[in-house]
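Notes to accompany the following structure.
Residue numbers (the working numbering): -5 to 382.
Spelled out as structure tokens, the structure:
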């Protein structure tokens, strides 16, 4: 039986970036992903890189590190990530005060937005309905193709000696509080360190082996179209994004105990209408967010898709009746914008790398910081995150 330095559970962008950075240090790595075809948050993400949105010295540092990495990542990994920079247009509801919304963004985020009236917004994005908005906030934004970026990381990891297997992890191997590896339905793998990068499934997987961590998840629902000739110029999202408020409510002290009760819907779902077109022409339209404590909960896809199409049709009428398929996935989050990284106490050899809010932006730099910390380097970012 081969002994690895690290086993990574989860093959989304967090696990892929971490695997690449670990093998870059010469460490032996096994990455285990349960699905041969990805159905995770990386797969159905908008692909946005909100490097303007840092709200603290640490998140501003990570935002800058993240965008700098992405600007050169295709070259580093020798594979296209489809990185580009484009306008993010945050739509403002007609019944709200645009100046107040703009001031809130200016006071809280690293890069202030440009406030545009409906006519100016439609000059930038002709697909917008000027009657449905009071204006937009324009911000610089990065964009990648998340599946291609993940695949680029995995291929680079394998070139450096890492190993990827499509197997579901069913248990952790341990002696007392020392985690020594994992079991899958067919194999047993040993490692000095095991790290959970399973995104929205991190909580339920660890719960299944008797470990509770402060990582949570929403059920996100989107529509994905085939490549289309319609041209969407910008990434469109609402300025009043209800998902973040929902996540905040879902992690309050009086709500946390409810996460361990099966089949709970903690709050009513929220719908944040938005869309992005990728370089091959396909469009992701989103998104519903539901706080359901069962990660395998089945929702009414027909009703969900109908409501989503109706709402996007108000903002972007040309998108309402496009051909497309409804999808759902889990989106992980923690109690604040920062993820949970490092040891899972009281265990030895067990780590967590999950709970990101800006996953695509933060995962690449934090993978570097995590690996530096794991090999004994003095990393101030990890020191701040571990004690948060």
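Every residue, glycine too, gets a C-beta built ideally from N, C-alpha and C.
Coil, strand or helix - residue i by DSSP
| i | result |
| --- | --- |
| residue 276 | coil |
| residue 359 | helix |
| residue 348 | strand |
| residue 106 | coil |
| residue 0 | strand |
| residue 96 | helix |
| residue 111 | coil |
| residue 366 | helix |
| residue 187 | strand |
| residue 313 | helix |
| residue 61 | helix |
| residue 23 | strand |
| residue 175 | strand |
| residue 296 | helix |
| residue 242 | helix |
| residue 269 | strand |
| residue 168 | strand |
| residue 37 | coil |
| residue 249 | coil |
Alpha carbon of residue i to alpha carbon of residue j, nearest angstrom
| i | j | result |
| --- | --- | --- |
| residue 168 | residue 28 | 21 Å |
| residue 241 | residue 334 | 15 Å |
| residue 215 | residue 231 | 15 Å |
| residue 257 | residue 188 | 29 Å |
| residue 124 | residue 179 | 55 Å |
| residue 210 | residue 328 | 6 Å |
| residue 173 | residue 207 | 16 Å |
| residue 6 | residue 322 | 15 Å |
| residue 91 | residue 53 | 28 Å |
| residue 14 | residue 39 | 21 Å |
| residue 147 | residue 364 | 16 Å |
| residue 380 | residue 141 | 29 Å |
| residue 12 | residue 319 | 31 Å |
| residue 48 | residue 41 | 17 Å |
| residue 394 | residue 143 | Any answer about residue 394 is impossible in this case: the structure gives the chain only from -5 up to 382. |
| residue 20 | residue 154 | 8 Å |
| residue 291 | residue 285 | 10 Å |
| residue 115 | residue 316 | 22 Å |
| residue 93 | residue 109 | 8 Å |
| residue 376 | residue 8 | 16 Å |
| residue 205 | residue 251 | 14 Å |
| residue 245 | residue 378 | 21 Å |
| residue 89 | residue 121 | 21 Å |
| residue 71 | residue 45 | 21 Å |
| residue 190 | residue 10 | 12 Å |
| residue 145 | residue 160 | 14 Å |
| residue 74 | residue 184 | 33 Å |
| residue 374 | residue 304 | 47 Å |
| residue 182 | residue -2 | 12 Å |
| residue 22 | residue 247 | 40 Å |
| residue 61 | residue 300 | 36 Å |
| residue 132 | residue 220 | 27 Å |
8 Å Cβ cutoff met for residue i and residue j
| i | j | result |
| --- | --- | --- |
| residue 360 | residue 228 | no |
| residue 268 | residue 34 | no |
| residue 332 | residue 338 | no |
| residue 224 | residue 312 | yes |
| residue 26 | residue 130 | no |
| residue 271 | residue 76 | no |
| residue 279 | residue 302 | yes |
| residue 346 | residue 336 | yes |
| residue 342 | residue 171 | yes |
| residue 1 | residue 176 | yes |
| residue 355 | residue 57 | yes |
| residue 102 | residue 234 | no |
| residue 265 | residue 157 | no |
| residue 298 | residue 282 | yes |
| residue 366 | residue 350 | no |
| residue 36 | residue 151 | no |
| residue 63 | residue 262 | no |
Sheet register partners of residue i (DSSP bridge)
| i | result |
| --- | --- |
| residue 215 | 282 and 322 |
| residue 335 | 347 |
| residue 83 | 132 and 230 |
| residue 53 | DSSP, once it has assigned bridges, lists no residue as partnering residue 53. |
| residue 327 | 210 |
| residue 371 | DSSP output for residue 371 lists no bridge partner at all. |
| residue 42 | 137 |
| residue 259 | 286 |
| residue 342 | 172 |
| residue 203 | According to DSSP, residue 203 bridges with nothing at all. |
| residue 182 | 177 |
| residue 78 | 137 |
Residue i: CB within 7 Å of a non-hydrogen atom of the ligand MG
| i | result |
| --- | --- |
| residue 43 | Ligands in the displayed structure: none, and consequently the ligand MG is not present. |
List, from N- to C-terminal side, the beta strand (DSSP E) runs of 3 residues or more that fit wholly inside the region 138 to 164. Complete beta strand (DSSP E) runs here, min 3: 157 to 160.
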